[in-house]
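Heads up: the structure comes next, in structure tokens.
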Amino acid sequence: MFRWWLYLALLPLALVIGWFAYYPALSAIFWSFFHWQPAGVSTFIGFGNYATMFSDQIWWSSFRNLGLIFAFTVVAWILPLLAAELLISLKSARWQFAMRTLLIIPMAFPGVVTALVWGFFYSPNDGVINQALKAIGLGALAQNWTGQGSTALLSLLFVGFPFIAGLPFLIFYSSLQNIPTEVLEAAQLDGVGRFARFWRIDLPLMASQVRILLFLAVVGTLQYGFVAYVLTGGGPDNATMVPILRMINVAFQGGDWGYSAALSTTLFIITMAISAVVIVARKRGAETTDGGAM
Amino acid sequence: MTTIQSRRSRQIGLKTILIVLAVVSLAPYLFMVVTSLKTNQQFADSFWQISFPPHFENYSVAWNQVAPYLFNTAIVAGISIVLILVIASISGFVLARYRFGGKRVIFGAVLVLMMVPGLANLIPLFILMKNLGLLNTYIVLVVPYTAGGVVLGTILIRNFVEGIPQAIFDAARIDGAGGARLYRSIMLPLSLPVLGTIALLTVSEVWNDFFWPLLVISDNSLRTVSVGLQFFQGQNVTDYGPLMAGYLIASLPLVLLFTFLSKYFLAGVQGGVPGAH
């Protein structure tokens with residue numbers, strides 16, 4: 124029996140993702156081979172846009188910045204990891220709940236508010252950081268933090284310090300909570316200390332979660348952009364340029380839509396390649412469904 | 019032995035470190051609250067302390083400028099949530115509970131999109147919207163949130179509905195319930211928690227998204243919160259009190275939602291991890 128209404132029920136989903144997700148993605152690939160002029164006549168130029176990309180210094184240096192951002196992000200996980208370990212060691216459940224809540228509150232603030240407030244912290248005259256330096260007699264160290272090439276990228280990286288409020292902390296904390304008490308009791312009987320427990324029990328049991336976090340960090344880093352847009356606009360002199368900003372600038376300031384489509388396609392392919400690795404790595408996940416079907 | 023026990027029960031050192039970490043995390047937001055009640059004179063005189071009298075009128079100044087952004091954000095989020103929940107709940111139900119040709123292909127097509135960030139589509143989607151003549155409308159804002167939301171929504175709902183025991187559906191079918199009835203009377207009421215999670219994630223997405231509204235909206239009266247705030251910052255760059263008050267007003271609805279519904283929020287944040295399904 125052909126149940127046509129099942130397909131009718133799925134039609135809205137197919138329309139939405141077909142028209143607004145698959146079609147634009149495929150059209151970007153198509154137009155990346157053109158000197159694309161959305162309002163006029165586009166000419167086919169083959170791999171011309173990709174050739175331009177390979178000699179685009181700004182584009183490649185924006186990937187160097189992404190590499191630094193990624194490395195910093197991963198190293199900075201030490202802080203949420205430390206916070207999760209400390210939190211799990213608290214004996215009082217009430218304290219644990221209160222501290223967990225306080226630590227994740229920053230997640231509730233809109234990202235743009237966090238970026239703007241940090242921008243205010245960095246501002247050269249009335250900025251909190253320069254005022255604090257003056258207050259402790261180190262006024263000579265005051266800088267134009269986001270305005271000079273030597274400190275701009277570092278300033279962006281420190282937005283959100285100490286980086287506890289976020290997915291890594293939640294994942295570290297919940298996987299520490301999920302360690303069976305029998306394991307910990309057995310370890311205690313064997314005289315395993317707190318540090319040995321961290322290395323021998325906590326870390327190995329978190330390994331699969333850390334792997335997911337790493338992939339997420341790669342994909343997240345590829346999308347990094349709005350903090351840079353708000354605080355530095357990619358400057359000074361492209362010191363904080365990132366691929367997303369370059370892609371937007373090429374299209375909206377340079378008017379070179381075909382080239383922008385090529386950059387967009389490149390980012391898309393990189394993301395897909397990384398995600399394919401995620402799927403393969405996660406494939407071993409257990410199927411925990413009821414399995415019923417009609 | 020006693021010293022160890024008393025140290026364990028009090029854990030002063032541990033608590034101190036955690037409190038320091040919490041204070042550092044929250045410092046920017048505390049500074050924002052304190053500064054939001056100052057005039058520029060008070061700000062110059064006492065940079066760090068709370069100064070008196072507090073100037074609550076900063077909030078009414080900021081409210082007048084920020085309120086339209088909040089209103090726009092609420093409308094866009096509301097429309098997106100309705101569309102997402104309707105489309106995703108039907109699709110999730112069908113994909114979870116029926117067998118039919120092409121099911122794996124269709125669900126695979128949804129899963130693949132889970133891996134593609136919306137930003138990768140920014141440029142072509144902009145041109146698509148421009149050609150449709152939709153720039154500077156609410157529709158242009160709703161479209162990508164809906165497209166992204168139905169992807170995550172369909173996956174979350176499908177997984178949730180697969181977890182509902184088949185016996186419940188069978189019992190209803192023996193009593194004569196058809197597909198529409200099963201959807202409305204059994205699946206929807208049981209799925210309320212996951213529907214709530216999807217709604218919250220959508221609010222958070224609309225509130226936080228930056229580049230899309232930046233590019234497609236140039237009419238200030240249509241801006242949503244994140245881009246609106248950036249514009250607002252440009253307008254009040256030297257008026258610190260109202261500036262910070264505006265940031266706080268723009269954050270408050272999201273912070274309140276997060277505080278009272280954090281269980282659903284966190285379930286969504288962790289459930290939205292690609293590769294977890």
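Which chain is which? The protein sequence lines are L and G, in order. According to the numbering used here, the first sequence is numbered sequentially starting from 124. According to the numbering used here, the second sequence is numbered sequentially starting from 19. For every residue, glycine included, the Cβ atom is placed at its ideal position computed from N, Cα and C.
Once DSSP output is grouped into helix, strand and coil, what is the label at residue i?
{"i": "residue 292 of chain L", "result": "helix"}
{"i": "residue 49 of chain G", "result": "helix"}
{"i": "residue 363 of chain L", "result": "coil"}
{"i": "residue 167 of chain L", "result": "strand"}
{"i": "residue 278 of chain G", "result": "helix"}
{"i": "residue 281 of chain L", "result": "coil"}
{"i": "residue 157 of chain L", "result": "strand"}
{"i": "residue 68 of chain G", "result": "coil"}
{"i": "residue 178 of chain L", "result": "coil"}
{"i": "residue 81 of chain G", "result": "helix"}
{"i": "residue 183 of chain G", "result": "coil"}
{"i": "residue 171 of chain G", "result": "helix"}
{"i": "residue 303 of chain L", "result": "coil"}
{"i": "residue 352 of chain L", "result": "helix"}
{"i": "residue 248 of chain L", "result": "coil"}
{"i": "residue 412 of chain L", "result": "Summary for residue 412 of chain L: the model assigns pLDDT 39, below 50, so the residue's position carries little reliability, and this model does not support an answer."}
{"i": "residue 133 of chain G", "result": "coil"}
{"i": "residue 257 of chain L", "result": "helix"}
If you compare alpha carbons, which of the options is closest to residue i?
{"i": "residue 289 of chain L", "options": "L:206, L:351, L:323", "result": "L:206"}
{"i": "residue 148 of chain G", "options": "G:90, G:234, G:253", "result": "G:234"}
{"i": "residue 189 of chain L", "options": "L:369, L:401, L:377, L:378", "result": "L:369"}
{"i": "residue 92 of chain G", "options": "G:266, G:202, G:159, G:167", "result": "G:159"}
{"i": "residue 240 of chain L", "options": "G:35, G:231, G:53, G:123", "result": "G:53"}
{"i": "residue 216 of chain G", "options": "G:95, G:46, G:69", "result": "G:95"}
{"i": "residue 229 of chain L", "options": "L:319, L:131, L:282", "result": "L:282"}
{"i": "residue 174 of chain L", "options": "L:252, L:126, L:158, L:323", "result": "L:158"}
{"i": "residue 154 of chain L", "options": "L:348, L:384, L:400, L:399", "result": "L:384"}
{"i": "residue 28 of chain G", "options": "L:172, L:386, L:202, L:213", "result": "L:213"}
Could you round the C-beta distance between residue i and residue j to whole angstroms and report it? I think they count as a contact, below 8 Å.
{"i": "residue 220 of chain G", "j": "residue 109 of chain G", "result": "With 8 Å as the limit, residue 220 of chain G and residue 109 of chain G do not qualify as a contact, their Cβ atoms being about 16 Å apart."}
{"i": "residue 231 of chain L", "j": "residue 272 of chain G", "result": "6 Å"}
{"i": "residue 144 of chain L", "j": "residue 274 of chain G", "result": "Between residue 274 of chain G and residue 144 of chain L the Cβ distance is about 32 Å, and since that is not below 8 Å, they are no contact."}
{"i": "residue 40 of chain G", "j": "residue 225 of chain L", "result": "4 Å"}
{"i": "residue 140 of chain G", "j": "residue 243 of chain G", "result": "At roughly 19 Å, the Cβ-Cβ gap does not stay under 8 Å, so residue 140 of chain G and residue 243 of chain G are not in contact."}
{"i": "residue 134 of chain G", "j": "residue 394 of chain L", "result": "6 Å"}
{"i": "residue 223 of chain L", "j": "residue 210 of chain L", "result": "6 Å"}
{"i": "residue 56 of chain G", "j": "residue 264 of chain G", "result": "Actually they are not in contact, since the Cβ atoms of residue 56 of chain G and residue 264 of chain G sit about 14 Å apart, beyond 8 Å."}
{"i": "residue 127 of chain G", "j": "residue 391 of chain L", "result": "Wrong, their Cβ atoms sit about 16 Å apart, outside the cutoff."}
{"i": "residue 285 of chain L", "j": "residue 69 of chain G", "result": "Not really, about 28 Å apart at Cβ, beyond 8 Å."}
{"i": "residue 353 of chain L", "j": "residue 49 of chain G", "result": "At roughly 18 Å, the Cβ-Cβ gap does not stay under 8 Å, so residue 353 of chain L and residue 49 of chain G are not in contact."}
{"i": "residue 279 of chain L", "j": "residue 351 of chain L", "result": "6 Å"}
Taking just the CA atoms, how far does residue j sit from residue i?
{"i": "residue 161 of chain G", "j": "residue 104 of chain G", "result": "15 Å"}
{"i": "residue 77 of chain G", "j": "residue 287 of chain L", "result": "30 Å"}
{"i": "residue 60 of chain G", "j": "residue 247 of chain L", "result": "19 Å"}
{"i": "residue 106 of chain G", "j": "residue 169 of chain G", "result": "8 Å"}
{"i": "residue 340 of chain L", "j": "residue 363 of chain L", "result": "19 Å"}
{"i": "residue 255 of chain L", "j": "residue 140 of chain L", "result": "51 Å"}
{"i": "residue 34 of chain G", "j": "residue 270 of chain G", "result": "28 Å"}
{"i": "residue 176 of chain G", "j": "residue 301 of chain L", "result": "25 Å"}
{"i": "residue 258 of chain L", "j": "residue 67 of chain G", "result": "13 Å"}
{"i": "residue 225 of chain G", "j": "residue 81 of chain G", "result": "17 Å"}
{"i": "residue 397 of chain L", "j": "residue 342 of chain L", "result": "8 Å"}
{"i": "residue 185 of chain L", "j": "residue 273 of chain L", "result": "15 Å"}
{"i": "residue 400 of chain L", "j": "residue 325 of chain L", "result": "25 Å"}
{"i": "residue 73 of chain G", "j": "residue 314 of chain L", "result": "59 Å"}
Practice prompt. Assess, as a yes-or-no matter, whether the region 187-196 of chain G is touched by the region 248-255 of chain G under the definition of 3 or more beta carbon pairs within less than 8 Å.
Written response: no
* **Contact the region 296-312 of chain L vs the region 267-274 of chain L: 3+ CB pairs below 8 Å** => no
- Task: Decide yes or no for the touch test of the region 202-219 of chain G against the region 171-180 of chain G: beta carbon pairs closer than 8 Å, at least 3 of them.
- Result: yes
Contact between the region 129-139 of chain L and the region 351-363 of chain L is defined here as three or more beta-carbon pairs at a separation below 8 Å; is this criterion met? no
*asked:* Count Cβ pairs between the region 176-187 of chain L and the region 291-300 of chain L that sit closer than 8 Å; are there 3 or more?
replied: no
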